[in-house]
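The sequence shown begins at 157 in the working numbering and counts up one residue at a time.
Virtual Cβ for every residue (Gly too), placed ideally from N, Cα, C.
Treat the numbers as computed from the prediction; the structure is a model and nothing was measured.
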Amino acid sequence: MANKILKAITDNLIYLILAFLIMGLIAGQYLGADLKSTLKMLVLPVLFLMIYPMMINIKIGEVLNAFKDIKPVALSLFINFIISPIVAIGIANVFFQGNLMYAVGIYLIALLPTSGMTAAWTGLAKGNLNTALVLIAVNLLLSIFILPIYLKFLIAEGVPFDPMELFKQLILIVLLPMIAGDLTRRFILKKWGKERFMQLKPNFSGVSSIGVLMIVFIAMCMKSDKILSDIFASAMTLIPLIVFYGLMLTISILIGKFLLERGKAIALTYSTGMRDLSVAIAIAMLSFPEAVLLIAMGYMIQPPVAAAYMKYLRGEVRNVCEIMHKEIITVNPKISISEASKVMEKHNIGGLLVKKDGGFGIITERDIIKKVISQNKNPDAISVEDVMTTFVITIEHTKDTLDASELFLKHTIRHLPVVKDKEVIGIISIRDVTPEKLPSPTFNEYY
């Protein structure tokens with residue numbers, strides 16, 4: 157039940173953010189000063205709830221791989237910490253001359269690169285996943301040191317701002333949760349193994365999504381009076397955000413196209429065109445609360461931009477029935493693993509459907525390697541039913557290749573039966589959808 161609730165939250169996060177934004181504005185008109193003070197005390201624990209689950213999937217060790225392929229790393233740093241601030245300064249001068257806090261908001265967005273979904277979007281768009289993981293780790297860590305320095309020069313003297321205090325906040329909000337997340341991932345993998353970790357992954361994003369919604373609600377509640385005093389001006393913040401994302405995406409695409417191979421160029425685009433809105437809104441809540449609205453509105457722009465670019469790269473979206481293998485090879489659950497392996501070899505396939513009472517299961521090469529060969533078991537003495545997966549993820553015949561990609565990505569599987577009226581009519585593999593192995597999502601939210 158809890159898993160379904162968390163999944164529903166992540167799947168509908170954009171709409172829920174808008175709903176909580178509106179509810180926060182309304183609640184702010186009725187809550188007294190005491191209740192607002194109580195809400196403010198919740199900011200730090202809620203921030204940890206939001207940031208920590210996201211960090212469980214970020215591998216600090218990826219930074220060590222930066223020098224193995226320095227070109228995309230150097231280009232990402234150039235775009236994120238030179239081009240992006242210049243774009244933000246231009247937008248602030250054009251749109252926010254009369255509102256310094258909104259200018260601070262665009263600076264925070266510009267100086268906190270990559271997003272929790274960078275790796276996932278890269279995979280769905282058939283980009284280079286290893287490059288994406290390196291760029292996420294390097295850029296996020298460097299932003300801790302670069303952000304306070306930039307803001308010291310960008311923010312006017314009249315605004316109370318202590319760079320060292322901001323640095324301490326970044327350590328608290330980014331580095332400590334990152335270390336804790338890394339240790340948590342290692343602990344889960346060591347104690348329960350990779351399979352259990354993969355089962356838990358979607359729940360991390362759901363918990364973090366709850367934190368995002370709570371932060372948006374608290375922020376809007378605290379600033380309700382000011383925002384509603386000029387609601388038109390508040391709504392107009394979408395325009396500069398559209399300009400920012402449009403320019404950043406265009407610049408990143410052009411640089412990647414001319415200087416990198418396609419896979420790395422895609423990773424570069426998602427690592428520079430997307431921003432870490434969760435960390436940006438956390439910093440704003442602690443130091444620049446009036447900048448929260450602008451950052452919160454970024455959630456309305458970033459996911460559609462990322463999805464549009466992915467669809468552009470993916471080309472025509474096809475129905476799964478057009479690409480599925482209609483010849484379904486099935487086996488009896490009682491046959492041995494050796495016999496099943498021979499069937500796979502004969503038909504040059506990596507998975508078999510297994511007939512069973514009341515439904516079907518599936519057995520793949522990965523199951524055999526992981527559960528039989530790696531454990532030095534005798535394949536002649538073990539039957540298919542001892543190894544096969546009984547809870548099979550399927551896809552309806554009305555779905556398209558993007559839907560299939562999302563299932564491969566979410567469940568880290570390689571084969572997907574296509575069903576119609578609960579009957580299997582075909583099967584697709586991950587290679588039918590993308591030539592590159594998709595990652596499990598770093599963060600299901602669209603930021």
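Put Lys467 into one of helix, strand or coil per three-state DSSP.
helix
Count the other CB atoms within 10 Å of the CB of His503; is the residue buried (16 or more) or exposed (fewer)?
exposed
Do Pro358 and Lys163 come within 8 Å of each other at the CB atom, strictly closer than that value?
yes
Same chain, Cβ closer than 7 Å to Arg474, neighbours up to 5 away in sequence not counted:
Asp556, Thr557
Checking 8 Å against the spacing of the C-beta atoms, do Ile329 and Ala158 come in under that value?
no
Report all residues from its chain with a CB closer than 8 Å to the CB of Leu233; omit the five preceding and five following residues, and keep chain order.
Val294, Asn295, Leu298
Tell me the rounded alpha-carbon separation between Ser492 and Pro573.
22 Å
C-alpha gap between Leu285 and Gln355, whole angstroms
21 Å
Roughly how many angstroms separate the alpha carbons of Thr568 and Val290, rounded to a whole number?
20 Å
Going by the beta-carbon positions, is the gap between Gly261 and Ile451 smaller than 8 Å?
yes
Could you check where the alpha helix (DSSP H) with Lys347 kicks off and where it finishes?
332-378
How many Å lie between Phe400 and Glu521 at the Cα?
46 Å
Through-space distance from Thr550 to Ile212, alpha-carbon basis
28 Å
Express the C-alpha separation of Leu469 and Leu481 in angstroms, rounding to a whole number.
One point to set straight first is that residue 481 is His, not Leu, in the sequence displayed. Each residue's alpha carbon lies about 24 Å from the other.
Return the CA-CA distance between Ile485 and Met500, expressed in angstroms with no decimal places.
9 Å
Have a look at Glu495, Gly506, Gln458, Glu552 and flag the residue whose alpha-carbon is nearest the alpha-carbon of Leu169.
Gln458
Nearest-angstrom Cα separation, counted from Trp277 out to Leu509:
30 Å
Contact check, Ala423 vs Gly283 under 8 Å by CB: the rounded distance?
5 Å
Beta-carbon contacts of Glu472 that lie in its chain and below 7 Å, excluding the five residues immediately before and after
For Glu472, the pLDDT reaches just 49, beneath the cut-off of 50, and the residue's location in the model is therefore unreliable, leaving the point undetermined.
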